[in-house]
Amino acid sequence: MKPATTPANPDGFFWRWHTYFSERFPPLQHGLLIAAFCFGVLSYAARVAMPAQKPGAMVFVVAFVTAFLMILQLRILDEFKDFEEDARWRPYRPVPRGLISLASLRRLWFMAAAVQVGVALLLDARLLAGLLAVWLYSGLMGVEFFIRDWLKAHPLVYMLSHILIVPMIATYVAACHWLPQGMKMPDLAGLLAASYFAFCVIEVGRKIRAPVDEEEGVETYTALWGAHRALAAWLGFMITGSAFAVLAALRIQSATFVATLLGAVLLFAMLGAVAFLRSSGQGGGTRFNRLSGLWTLILFLGLGLGSFY
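In our numbering, the protein residues as written are 26 to 334.
Here it is in structure tokens:
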């Protein structure tokens with residue numbers, strides 16, 4: 026993806042960060058999805074743990090702020106991890122073109138960590154253990170588990186190992202409700218599995234491109250596996266994630282509601298895949314990024330609303 030147009034004052038502090046976030050971490054786009062994620066996880070966990078005890082506004086704010094900053098921290102770690110490749114193959118990105126330095130991003134990571142600690146203490150100091158666990162795992166991701174070359178040679182394992190961070194974040198979000206209440210951790214197996222496969226869908230969907238949009242040195246799943254296999258994997262993850270979401274919804278008597286919502290989006294996804302295989306012009310792959318986001322949004326909103334249904 027090429028950079029946005031140069032702002033009026035490209036040397037200004039505000040515009041440099043504004044451009045960075047616009048290109049690498051759009052706050053509104055990520056914020057909406059993370060808000061739905063937190064709403065779904067918190068509402069479902071509360072319904073399973075103690076139906077009469079709903080999470081309060083403070084719980085949601087703490088969970089959202091923490092999860093949003095966790096995802097931002099993952100983006101920052103990616104900037105360090107991919108710096109050499111970006112400098113060689115994607116020099117148009119903000120860091121290699123000198124818009125934002127790695128030192129500035131390092132400071133931002135620690136500022137985010139300080140905020141996460143602060144808001145965790147507003148609820149329960151025991152949440153810090155979960156925060157540390159997420160940081161440690163994300164740190165291992167940042168060094169690619171010390172087996173970078175092997176993981177690069179096995180892209181599916183690379184993806185699956187990295188997305189394990191998502192159920193960890195979901196567990197932390199849920200703990201923002203049940204831990205301060207002195208309750209035991211509820212059984213969230215179906216929800217955690219659904220969240221895992223939801224982000225597999227997002228990861229594959231954002232790396233599906235039309236042949237004309239492929240870039241040298243940029244690994245996409247269409248380049249690695251071919252269009253048919255990449256789309257089969259994307260739909261397979263979506264179907265699997267939908268199945269786990271429906272299984273999770275069975276526990277809250279909302280399986281029909283959730284299945285109907287996800288089934289409708291899944292149908293659009295299948296039609297989009299067929300259309301792409303028939304004709305994939307410039308920009309044709311962007312539909313899968315949008316469909317991935319829509320399906321994931323519906324999944325978590327469905328589970329969240331189903332918890333009150």
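We put the beta carbon where it would ideally sit given N, CA and C, even for glycine.
Residue range 108-114 is occupied by the alpha helix (DSSP H) that includes E110. Taken atom to atom, the span from the alpha-carbon of A195 to that of A248 is near 31 Å.
Cβ neighbours of A60 within its own chain (closer than 7 Å, five residues either side excluded): F89. Sequence-distant partners of S332 (beyond 5 residues in either direction) whose C-beta falls short of 6 Å from its own C-beta, in its chain, are S68, Y69, R72, I277. L296 and A268 have their alpha carbons spaced roughly 19 Å apart. Between T321 and L286, the alpha-carbon positions lie close to 11 Å from each other. Going by DSSP, V168 is part of no alpha helix (DSSP H) at all; its letter is neither H nor E. In the structure shown, D212 falls within a coil segment according to DSSP collapsed to helix, strand and coil. The alpha-carbon of L216 is positioned some 29 Å away from that of K177. When G327, P51, A112, H55 are compared, the shortest CA-CA separation from S279 is found for G327. Secondary structure note for T311: its alpha helix (DSSP H) is the uninterrupted segment 311-331. The beta-carbon distance between V226 and S317, rounded to whole angstroms, is 5 Å. This is short enough to meet the 8 Å contact definition. With contacts defined by Cβ atoms closer than 7 Å, L130 and I96 do not form a contacting pair. If you draw a 10 Å sphere on the C-beta of Y221, you find 16 or more other C-beta atoms in it, and that means buried. Contact fails between the segment 123-140 and the segment 163-170, because fewer than three Cβ pairs, one in each stretch, are under 8 Å apart. If you keep only unbroken beta strand (DSSP E) runs of at least 3 residues inside the segment 272-300, you get nothing at all.
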